[in-house]
Each structure stands twice: as structure tokens, then as C-alpha cells.
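Chains as they are written, first to last, in the UniProt record's numbering: chain A, 1 to 393; chain B, 1 to 393.
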């Protein structure tokens, strides 16, 4: 029979990365495409011990239905860490546990976006956010990213033209570009948004994965009532447990809670207890330091390989944290076509175009440096360099 | 600052049950309000062993990101069980693992409902479905439930008047009424829907919790291309792991997969592996038999207590499975007001009105018989009987 799908489905970009990831399931492919953390760094034994403790001490409770907001000791941990790390005063009641930070975007869209609402997003912008928000049919408007954050002259002009409902951004080690907003840029963006009614959605998935320099202030320190932060255990503990969180002012949180209950009642409760126990009984700062040391070395190696293997005229970002860097090839080298050649060479990346809501990024690519080990980075970047040289001819 | 929420939030019923559940957190309250399974029947040791096995044998894989569709061996198990239990031919590729079956409703709404689309729901209907679908702003139309399922004369008239996009129903041990559609009723409903373009959403959360009689055919056996089934491990294994599934024809599943990826990428992968291992290494049929034996005894006890403690003029359903029964008090005994008296007596239930999209159920209540043990059922029903008698005066 013919099916009639909701019109919102027509506005959702095809699931480009999922299709790529399928191709890269072939074991011979070295993939810089996904956004996966390094599995070598997972604290498998410690998490297994935490799971065993929870089941032994509170099994029946951990297996039962629980509250929509999430496990209170876990929310208290998150609030305490914001206080210590960023000096932010966030009450545990302003935090709700989600199924990974991707779900934060769905809940924010559900609660705040009517069709046609103007939504600002970085250019290039995070593909997962484009997908999540698309289902709520906003009018996307993109703010160019330059070296140290959004182009504020452009942002100012856009806000003068029309107010925006939301501005979604990734101020620290942005996905896909690897760019971090400077301290000055954070203040300037906040000053432009203040009083406009725009809510800044600060995706802080990579804030803890910082290699160089100290933590920079959250936009929430300038816009306490107009910032929603999304966070994630995926990059610092494990993505397989799908645990993230949303921190929002109380009035927004009331609506988020209603939407969360309607969407799936609550997040996996056993997983929340396991992570809470793991965080109580392990030194998360030491664990994060191990991760950032490894990723920094992998970033350095990937950049060295670009210098060695790629032709002249290639430019790239030098991320001070996170998992991605952004490479721009010379004119006339479209990366969607390059990808076909690269896959023939058994190496994968994400073409830049996927990160633009309004076209662009044709000669750019996103490279992930967290998932592949050093040997794979060397071999994979040689293959990719060869593909680029061949393509440029 | 003033926040401007999406208009869909205004159409969502206040989270009535969540508010009640909060009241019932006082330990002295005996609650027949929630829809919780009996924690005494959780297979805590077996699930702990499964968790340990998975972490030991495949920890790094289980902690990594995974596919949107879900863990293939788990989807194969579900497909195999449909084949054996109901004679249904469902391919594992037509099954996607969700965060509990509540998420199925969100995904179905997202993929299929435009604002104003006519949606049929049973009267009374499942509150969680009303909440989930409300966010997609359909035009609810309610089909009265009578003893053996929907009133087909009424359904026929409604379908003649205007076609419906979806018909959401719970054919086996319905929530809230406890009613099961008879075999004849299933055929008759399917015959009325055939060729109208209406998709039947068969919520089968309780199909395995059947006390009396054999399993009845799924609507999908009559309407293979026009039925979506939602299922859950919450009632037969554990709700705390939030694992359910959706079974839908391939063309619908493609859209569901896009929506699932945008909503939260994928369901908790470690939990999927734990449940799959548990199902491989334990006899789930024997476990389900223990659950149904216990719930049947609890249902019998609750009915005996109604007979003993409630005044004349009270009627009730006699569910042949599931977790709920439905009590109707005499005229002039509104259960929203009765609830206040009941809470003073430290006993809770859900007033009938919560289950009506168009008013009604004023003198009805839903009672859960699965969560409280026998002693609590005796004490709680005495308190509730006293509250009813006092209220009627």
C-alpha cells in the first residue's frame, strides 16, 4: 500500500554519515569518517566492576522504572563538576539525563521550535544537529566560522535583520571544524545575543577533551537565562551506554521534562547507576588526561602526515581539543568525488558538503583523529594523500 | 527572560501520572497507580551474570557506538519469537530496537503524523500514547471499547465519515481497561480497516502476559502492510534497561530509522547485549510463566478484595492478562475527588479521566495489580474500599 509520511520527513537530510559508516564496515577500510572515541581507552574493567557492584547492591531498584529527570546522584555529580570546572552555578534540578547528547537536540527542537522559526547554526555545522533540528522544520541560517569562532560582524547583521529563536553552536573543539571560540569571541557573541530573546544552545560534547590551554568560560556565564548546555559521557567514559544530559533554566526544564516523558519516559536507569558508581570509585580527571594525551598525539601525527603526504595548496585547522580536524583542498577538487577514489584506496572521510545547510564545503573534508591508532593513521593518511594527488592529477 | 515554547507543547496533557507518582513516593502510600512490574520477579542474578559475560567477552565492542537499527542477534531473537508464538513472518530488518516501547510512539508520530491528521484511539486509551502523539498534534477521535474490543459499528461509521491516518490500539490486555479483543473482533477490525489507508499501531506490551486462553492473532496477520507492532522487554525482563522494539514494513522502517538516528543515534548498546545474552542463556518461557502465575494470583486477590470491600453498584473488568483492571463506581462518585480522600488513606490509583481525549471516565479508575505484593493488595484495597464507602457516604 502507498504510505503517506509526515511532511517533516521530507526536510530531513539523507542519513549521509550512516551510509558512509556502512561502507566503512568492510574491515580493510581505515575510517576517519565516524566520530568514534578510541576503544583502547575504554575503562572496561572498571565499568564491569561498577556494573557488578550496582547489580549486587541495588539490582532490583536499578532494573525498575525510574524518574524522568534521571538518577539524582548522577545529576549532582554533573552539577558539582560544572561548579568546579567552569564556576557555573547549576542546580541538579536544572539537569536532566538523556540518551546521549543527540537526544538533547531532539528535546530542544520539540520544546522550542515551531515550523519556520529562525535557527542560527555555525557554517560548517554539526550534521547531527542539522538532522535533529530539521525534523522540527526551522528556517536555518548559517553563521560563518572563522579562526577563533563565529564571524561576529555577520552575526550582528543577521540579528539586526531578524531575531532568531535559537543559536546552536559548539564553542569548544567544534564538530566538524575543530575550531574553539576564543575567550574574546565568547564574550562578543554573548553581548550580541543578550536581550534579543535568542537562546544559545551550547553543545559542550568536547569541552573536557582539551589538549592546550585552560578551559574557557561557558556562554552560560554571560547568558545564564538564555543558554542551554548539552553534555555527554560518550567522549569521556563510553558512548555505548548512551548517556548525556541537558542543563537548562528551570522554566525550560519543566517543558523538557514533559517532552522527555512523552518521548521515552526516562533514560536507561541501570546505565545511569553504573556510570554514577564508576565516577564515585574512579579518578575521572586522570582518565580524561589519558584520553587527551592520546588524542593530542594522534592529532599531531595526522597533521604531520598531511604535511608529508598531501600536495601543496592544502590548508587545515589545528584543533586544541576534541576529535576532528578540517582540511580544505585546492579549488576544483570536490571531496564528494574524492571520496569515491578514497574508498577504492580503502580509506574514508566525511565530505565537507554534509555540514552545510545552504551549500558549500565542496573542497573540504572532516577527518577524525580519535578512533584510529597511530599505525592506522600513518597507513590511512598515506592512502588518502595518494588519492588526493591522483585526483588533482 | 520570557520563553516562547513551541505551540505543540500547549497540546500536551499535563503529566498527570508523573505528578501522582511523585505523591506516591511517600513510603507509607500503597500505590496501584503506576504501571510497574513486580520487582520481586526480576532475574537479578541472571542479568548480573549476563552483564559480566558481555563485559568480559566483548566489553570494548559493547561500550562503543553501534548501529541505529540495533544489535542484530537481538532483532533475530524477536523475529524468531514472532514466528513461533504468532506465526508472523517478520524479517529482522523490519525490527528496530528502541528505548522502551514509549519511544516507538514518538517515532511513529514523528514519521507519520502531520498536524491535524485524524488518529483513532481506544476510549479509554493509553495515557502514554496520548502524551506521545499529542506532540505531533493529530486530531484525536476515540473509538469506544466494549467487552470484547472496539465498538465496530462505531468504528465503521467513523471510517465512513473520514479516513484515519493511524488507529492506535492495545488488543491484548489493554492499558487501562484490561480488555482483550476477541478473535472475532480482531478479524472484524482488520476487515473494516483494510483498504482505507489507515495504519494500525498494535501496542503489544502485554501480549506475553496472558493468564487464560491461548495467544490470539496479531492484526498484522490480516493487515501485513498496514500494521506496525510495538513490543517491550519492560514487562517480561526489566523496564530499567529501557528496551523495546518496533516492527514495521520495510518502507516505513526506512523512515523510522532516519527518525531514530536524528532522535538519539541508537539505543543503549551494552543493555542490548546484556538482554541478548540473558535470553540466550535462560529459559524466557519459564520466566514468563512465573510472572503470569504471580500476576494472575494478584488479579484474583484484587478482584476478591473489590467484592469484599467495595459497596454495591461497582463494576469492574476481569483481565485475562496484563497488569491493570478498570473499576467503575456508581454515578456521582468522581474519582479525581476520590483520589484526594484515597491519598489521605495512603492509597493511590489513576482516575479514569486521564485516559479520555474527549472527556469521560469521571467515575472510573485504573488499578495496577502487578507491582504490589499480596499483603499490600489486601491492605491497600481495604483502604481504598473505605475511601469509596466514605465518599459515597
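In this text, a Cβ means the ideal position worked out from N, Cα and C, and glycines have one as well.
Just so we're clear, the structure is a prediction, and the values are computed from it rather than from any experiment.
Distance from the CA atom of residue 126 of chain B to the CA atom of residue 151 of chain B, rounded to whole angstroms, is 17 angstroms. Contact fails between the stretch 74 to 93 of chain B and the stretch 294 to 303 of chain B, because fewer than three Cβ pairs, one in each stretch, are under 8 angstroms apart. Residues 298, 299 and 302 of the same chain have their beta carbon placed closer than 6 angstroms to that of residue 369 of chain A, with the five preceding and five following residues left out of the count. Going by beta carbons, residue 62 of chain A and residue 273 of chain A fall inside the 7 angstroms limit.
For residue 268 of chain B, a Cβ of chain A is located within less than 7 angstroms of the residue's own Cβ.
For residue 272 of chain A, the nearest beta carbon of chain B is not closer than 7 angstroms to its own beta carbon. No Cβ of chain A is located within less than 7 angstroms of the beta carbon of residue 305 of chain B. In the three-state reduction of the DSSP assignment, residue 216 of chain B falls in the coil class, being assigned neither a helical nor a strand state. Secondary structure of residue 229 of chain B (DSSP, three-state): strand. For the stretch 109 to 120 of chain B, the residues whose beta carbon sits under 7 angstroms from a beta carbon of chain A are, in order, 110, 111, 112, 113 and 114. With the criterion set as a beta carbon lying under 7 angstroms from some beta carbon of chain B, the members of the stretch 238 to 257 of chain A are 238, 239, 240, 241, 242, 251, 252 and 255, in sequence order. Here residue 336 of chain A is not bridged, per DSSP, to any residue.
For residue 9 of chain A, the secondary structure class from DSSP, reduced to helix, strand or coil, is helix.
Residue 266 of chain A counts as buried, since at least 16 other C-beta atoms from the protein chains shown sit within 10 angstroms of its C-beta.
Around the C-beta of residue 35 of chain B, 16 or more other C-beta atoms lie within 10 Å, and the residue is accordingly described as buried. When the beta-carbon positions are compared, residue 367 of chain A and residue 325 of chain A come within less than 7 angstroms of each other.
Assignment of residue 269 of chain B by DSSP, reduced to helix, strand and coil, places it in the helix class. If you look at residue 159 of chain A, you'll find it in the alpha helix (DSSP H) that goes 152 to 161. Look at residue 39 of chain A: its C-beta is under 7 angstroms from a C-beta on chain B. Less than 7 angstroms divides the Cβ of residue 392 of chain A from the Cβ of residue 311 of chain A. Residue 44 of chain B reaches chain A at 55, 59, 60 and 63, counting residues in chain order whose Cβ is nearer than 8 angstroms.
For a cut-off of 8 angstroms, the C-beta gap from residue 159 of chain B to residue 192 of chain B is around 6 angstroms, short enough to register as a contact. Using a Cβ-Cβ cut-off of 7 angstroms, residue 363 of chain A does not count as an interface residue toward chain B, since no Cβ of chain B sits closer than that to its own.
For residue 169 of chain B, no alpha helix (DSSP H) run applies; the uninterrupted beta strand (DSSP E) run containing it begins and ends at 166 to 169, by DSSP.
Within chain A, 258 and 262 have C-beta atoms less than 7 angstroms from the C-beta of residue 12 of chain B, given in sequence order. Within the same chain, 118, 120 and 198 come within 6 angstroms of residue 164 of chain B by CB-CB distance, once the 5 residues on both sides are set aside. For residue 157 of chain B, the closest alpha carbon among the candidates B:144, B:85 and B:284 is that of B:144. Under the three-state reduction of DSSP, residue 367 of chain B is assigned to strand. Membership of residue 95 of chain B in the beta strand (DSSP E) is indicated by the continuous run 95 to 98.
In this structure, the alpha-carbon of residue 202 of chain B lies about 49 angstroms from that of residue 181 of chain A. For residue 231 of chain A, no Cβ of chain B is located within less than 7 angstroms of the residue's own Cβ.
Boundaries of the alpha helix (DSSP H) harbouring residue 300 of chain B: 284 to 309, taken from the DSSP string. Annotation: Cβ neighbours of residue 52 of chain B in chain A (cutoff 8 angstroms, chain order): 48, 51 and 52. Counting the other Cβ atoms within 10 Å of the Cβ of residue 103 of chain B gives 16 or more, which makes it buried. Contact between residue 200 of chain A and residue 226 of chain A holds, since their C-beta atoms are separated by about 6 angstroms, short of 8 angstroms. By the rule that beta-carbons nearer than 7 angstroms mark a contact, residue 265 of chain A touches chain B.
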